[in-house]
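Sequence order for the protein chains is A and B. In my numbering, each number is its position in the first sequence, counted from 1, plus 44. In my numbering, each number is its position in the second sequence, counted from 1, plus 49.
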Amino acid sequence: MRCDLFAVAESSSIDITTNRLSIFHVWDDLTTPILPVVLPSLAVVAMFTREQNEPDNVELQIDVSFTGKTLAQFPLAVSFQSMLKTRFVATIQGIVFSEQGTYELAIHRGDESALGVWRIQVRLTPPEPHMQLVETAASPPP
Amino acid sequence: MSSQHDYDYQNAEAAFVLANTPLFLLRKLRSDPVVRAIAVDLSDDEIMSSLRAAVQQKPTDIREAVLPYLYLVALSIKGKIAPLREAAAIDVPYAEWFKYIGNYLLKSFIPTATVSVLMPKIILPQPSTPSSSTTVKNLKYSKGDSSNAL
């Protein structure tokens with residue numbers, strides 16, 4: 045089985061008219077003035093191709109890791125429905141990035157090496173300056 | 050459940066009258082909101098039984114002529130290969146483009162699974178110290194709290 049595409053984005057959509065997949069606002073970099081930061085929704089998109097003699101149903105797993113430490117794991121069942129290509133979109137809600145550095149999302153089948161890897165670089169910028177309210181003396185009535 | 054009589058087939062009928070190729074008809078039906086509504090409202094079995102009923106007699110008007118194509122396209126929108134295969138194999142003597150469109154839909158079918166995963170617990174790596182270990186925190190977000198959310 046081959047992973048043709050593995051990407052992480054803000055959202056994705058399948059056009060009913062054309063049955064084509066679109067990916068919107070790819071997350072490859074996250075620059076934020078505050079950490080930890082919560083992403084309400086993250087679309088993990090993958091496309092696979094299998095050989096005729098390979099199984100129709102495959103158990104996969106998405107690992108989220110930071111500097112080699114696994115932060116979360118999600119099992120996924122993927123079915124080719126007797127076709128040679130399949131796609132899936134996993135929406136992960138409430139993912140937290142707590143440190144600067146490179147977060148890695150990888151998709152595996154069992155203990156095999158990763159079929160696809162996606163990295164998100166998290167950068168911290170200086171805090172936003174606060175607006176200063178300046179009081180001015182009210183001018184005397186005429 | 051909606052019955053087929055609740056839908057407005059005007060767009061489908063117009064597409065059928067205008068269509069000079071099967072793929073034109075397919076494209077028009079796929080973009081017809083009524084076909085999408087049928088795909089959402091009706092189950093695979095309901096669409097299949099409507100399709101079987103629609104192909105039994107020779108059509109007497111445009112609506113009856115377009116209904117087999119409409120149900121076939123609605124099944125393709127539902128995203129399961131088995132019912133689509135079953136529909137494409139039905140003997141349809143009065144719809145000459147039915148087999149062509151059925152085979153096209155089968156050949157171009159790519160299954161797509163969508164899942165939604167809620168992070169049940171969030172594991173935060175501790176600040177990097179020589180003896181640091183990973184801590185597990187159960188984070189609860191109150192409704193409408195979007196602090197730190199992008």
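Glycine included, C-beta positions come from ideal geometry on N, C-alpha and C.
Residues bridged to residue i [DSSP beta-bridge criterion]
i	result
A:Q165	A:D73 and A:T146
A:R46	A:T93
A:D107	A:Q117 and A:A150
A:F141	A:V81
A:Q101	The sequence given here places Asn at residue 101 of chain A; Gln does not occur at that position. BP columns for A:N101 point to A:S123.
A:I58	A:L65
C-alpha distance - residue i paired with residue j, whole-angstrom precision
i	j	result
A:T114	A:F50	19 Å
A:P84	A:E143	17 Å
B:Q175	B:Y56	Legend: pLDDT at B:Q175 = 48, less than 50; position of this residue unreliable, value from coordinates given subsequently. C-alpha separation (whole angstroms): 58 Å.
B:S80	B:Q59	13 Å
A:M91	A:Q176	51 Å
A:W162	A:V70	11 Å
B:S157	A:A87	24 Å
A:T111	A:P170	23 Å
B:F73	A:L128	26 Å
A:I139	B:D110	55 Å
A:S55	A:C47	20 Å
A:T93	A:H174	52 Å
A:L65	A:I58	4 Å
A:S123	A:Q96	14 Å
B:W146	B:E135	16 Å
B:E95	B:A88	10 Å
A:V133	B:S165	8 Å
Helix, strand or coil at residue i according to DSSP, with G and I counted as helix
i	result
A:N63	coil
A:A134	strand
B:Q59	helix
B:K77	helix
A:A51	strand
B:A86	helix
A:A87	strand
Cβ-Cβ separation, residue j to residue i (assumed contact under 8 Å), whole Å
i	j	result
B:D93	B:L119	At roughly 15 Å, the Cβ-Cβ gap does not stay under 8 Å, so B:D93 and B:L119 are not in contact.
B:L155	B:A137	6 Å
A:V108	A:F141	Their Cβ separation, rounded to whole angstroms, is 10 Å, which puts A:V108 and A:F141 out of contact at 8 Å.
B:I126	A:I67	The pair is not a contact, with the Cβ atoms about 21 Å apart (cut-off 8 Å).
Contact test: residue i Cβ vs the ligand SAH heavy atom, cutoff 6 Å
i	result
A:L149	Judged by which ligands are present, the structure shown has none, so any question about the ligand SAH falls away.
Original post:
What are the complete beta strand (DSSP E) segments, minimum 3 residues, inside the segment 109-179 of chain B?
Top reply: Listed in chain order, the complete beta strand (DSSP E) runs (minimum 3 residues) inside the segment 109-179 of chain B are 161-167 and 171-173.
**OP:** Check each residue of the segment 101-128 of chain A: if its Cβ is closer than 7 Å to any Cβ of chain C, include it; give the result in chain order.
**Re:** Judged by its chain identifiers, the structure shown contains no chain C, and its protein chains are A and B.
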